[in-house]
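Trainee: Mapping of the sequence shown onto UniProt numbering: position 2 corresponds to residue 2, and the numbering continues sequentially without gaps.
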Amino acid sequence: MEQFNIFGNAAPVPKLPPELMEYFPGIFNTDESYSFLKTFISSVPWQQQIISMYGKDVATPRLTAWYGDKGHSYTFSGTKFDPLPWTDELLQIKQRVEKISSVVFNTVLLNYYRNANDSVAWHSDDEYELGTDPVIASVSFGQVRRFDVRNKTDHQHKYAIDLENGSLLLMKGDMQHNWEHRVPKSTKTLAERVNLTFRIINK
Numbered sequence: 001m002e003q004f005n006i007f008g009n010a011a012p013v014p015k016l017p018p019e020l021m022e023y024f025p026g027i028f029n030t031d032e033s034y035s036f037l038k039t040f041i042s043s044v045p046w047q048q049q050i051i052s053m054y055g056k057d058v059a060t061p062r063l064t065a066w067y068g069d070k071g072h073s074y075t076f077s078g079t080k081f082d083p084l085p086w087t088d089e090l091l092q093i094k095q096r097v098e099k100i101s102s103v104v105f106n107t108v109l110l111n112y113y114r115n116a117n118d119s120v121a122w123h124s125d126d127e128y129e130l131g132t133d134p135v136i137a138s139v140s141f142g143q144v145r146r147f148d149v150r151n152k153t154d155h156q157h158k159y160a161i162d163l164e165n166g167s168l169l170l171m172k173g174d175m176q177h178n179w180e181h182r183v184p185k186s187t188k189t190l191a192e193r194v195n196l197t198f199r200i201i202n203k
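What follows is the structure, encoded as structure tokens:
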């Protein structure tokens, strides 16, 4: 089914391995989610990062911003990101996520997917600053987008889930060490989406 409606219904949730992922649909209602989406799109100082990939500098096919506690920088593809200070909206979301996950986060990466051409390639969030077996909380606002997961050594061992507006996906266990994930491009007409991934950065 084509997911043109920004708040359209997603496909049935597949059975996910609870030691790797937990999915919580609708932790924010439609009005809350729409408000957050519009606020972030209009107020966040979005940047298009240049990263090194296969020996070439390329622009990421999405916009990003990094927020968090002072001094908790993050290094990705050779680039160091210093966090912007928390906003009231981010702290409100953070509080609800922490209540569900029982984890206290100190940073959040925001990704702005403007249309169907924006994406994130296969990767793992296994940077040194995240420590061993990190817990990452992914919150989605706006357009439903497919989230693919595959085992690093056996690509036939895989999962796919549609991340709905207002939902939370918790990634944990050895997810970042033995698995990789992506948000693929689409040939369909897709509206805007903002994704927040809350993390714990170790100094």
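The beta carbon of each residue, even a glycine, is placed where N, CA and C say it ideally should be. No experiment lies behind these values; they were computed from the predicted model shown.
Decide if GLN176 is buried, meaning its Cβ has at least 16 other Cβ atoms within 10 Å, or exposed.
Mentor: Locating residue 176 in the sequence shown gives position 176, where the first residue counts as 1. By the 10 Å Cβ count, GLN176 comes out buried.
Trainee: Determine, using beta carbons only, whether LEU16 and LYS172 come nearer to each other than 8 Å.
Mentor: Numbered from 1 along the sequence shown, position 16 holds the residue referred to as residue 16. Numbered from 1 along the sequence shown, position 172 holds the residue referred to as residue 172. No, the Cβ-Cβ distance between LEU16 and LYS172 is not below 8 Å.
Trainee: Which class does ARG150 belong to by DSSP, given the choice of helix, strand or coil?
Mentor: For the purposes of this step, residue 150 is taken as residue 150 along the sequence shown, with counting starting at 1. Assignment of ARG150 by DSSP, reduced to helix, strand and coil, places it in the strand class.
Trainee: Using a 10 Å radius around the Cβ and a threshold of 16 neighbouring Cβ atoms, would you call SER167 buried or exposed?
Mentor: Mapped onto the sequence shown, residue 167 falls at position 167. Buried, since its Cβ has 16 or more Cβ neighbours within 10 Å.
Trainee: What separation, rounded to the nearest whole angstrom, lies between the Cα atoms of ASP174 and PHE147?
Mentor: Locating residue 174 in the sequence shown gives position 174, counting from the first residue. Locating residue 147 in the sequence shown gives position 147, counting from the first residue. Cα to Cα, the separation comes out at about 18 Å.
Trainee: Is DSSP giving HIS177 helix, strand or coil here?
Mentor: Counted from its first residue, the sequence shown places residue 177 at position 177. Three-state result, HIS177: helix.
Trainee: Helix, strand or coil: which one does DSSP assign to ARG96?
Mentor: Numbered from 1 along the sequence shown, position 96 holds the residue referred to as residue 96. Helix at ARG96.
Trainee: In whole angstroms, what is the alpha-carbon distance linking PHE105 and ILE200?
Mentor: Taking the sequence shown and counting its residues from 1, the one referred to as residue 105 is at position 105. Taking the sequence shown and counting its residues from 1, the one referred to as residue 200 is at position 200. Those two C-alpha atoms are separated by around 5 Å.
Trainee: Go to PHE40, then tell me how far its alpha helix (DSSP H) extends in each direction, as first and last residue.
Mentor: Position 40 of the sequence shown, counted from the first residue, corresponds to residue 40. Where PHE40 is concerned, the enclosing alpha helix (DSSP H) stretches over 30-43.
Trainee: Within 8 Å of any Cβ in chain C, is that where the Cβ of ARG199 sits?
Mentor: Although the question refers to chain C, the structure presented lacks it and comprises just one protein chain.
Trainee: Measure the C-alpha to C-alpha separation of GLY131 and ARG96 and round it to an integer number of angstroms.
Mentor: Here residue 131 is taken as the residue at index 131 of the sequence shown, counted from 1. Here residue 96 is taken as the residue at index 96 of the sequence shown, counted from 1. Their Cα atoms are separated by approximately 23 Å.
Trainee: If you compare alpha carbons, which of TYR74, LYS56, PHE24, ASN29 is closest to GLU127?
Mentor: In the sequence shown, residue 127 corresponds to position 127, counting from 1. That would be TYR74, whose Cα lies nearest to the Cα of GLU127.
Trainee: Can you say whether SER138 is buried or exposed, counting buried as having 16 or more other CB atoms within 10 angstroms of its CB?
Mentor: Along the sequence shown, one-based indexing puts residue 138 at 138. Taking all protein chains in view, the Cβ of SER138 is crowded by 16 or more other Cβ atoms within 10 Å, so the residue is classified as buried.
Trainee: Shortest alpha-carbon distance to ASP88 belongs to which of THR153, VAL44, LEU170?
Mentor: Numbered from its first residue, the sequence shown carries residue 88 at position 88. When only C-alpha atoms are compared, the closest one is VAL44.
Trainee: Considering only residues of the same chain and omitting the five flanking positions on each side of GLN143, which have a CB-CB separation below 8 Å?
Mentor: Counting from one through the sequence shown, the residue named residue 143 turns up at place 143. Contacts found: GLN3, ILE6, TYR113, ASN165, LEU190, ALA191, GLU192, ARG193.
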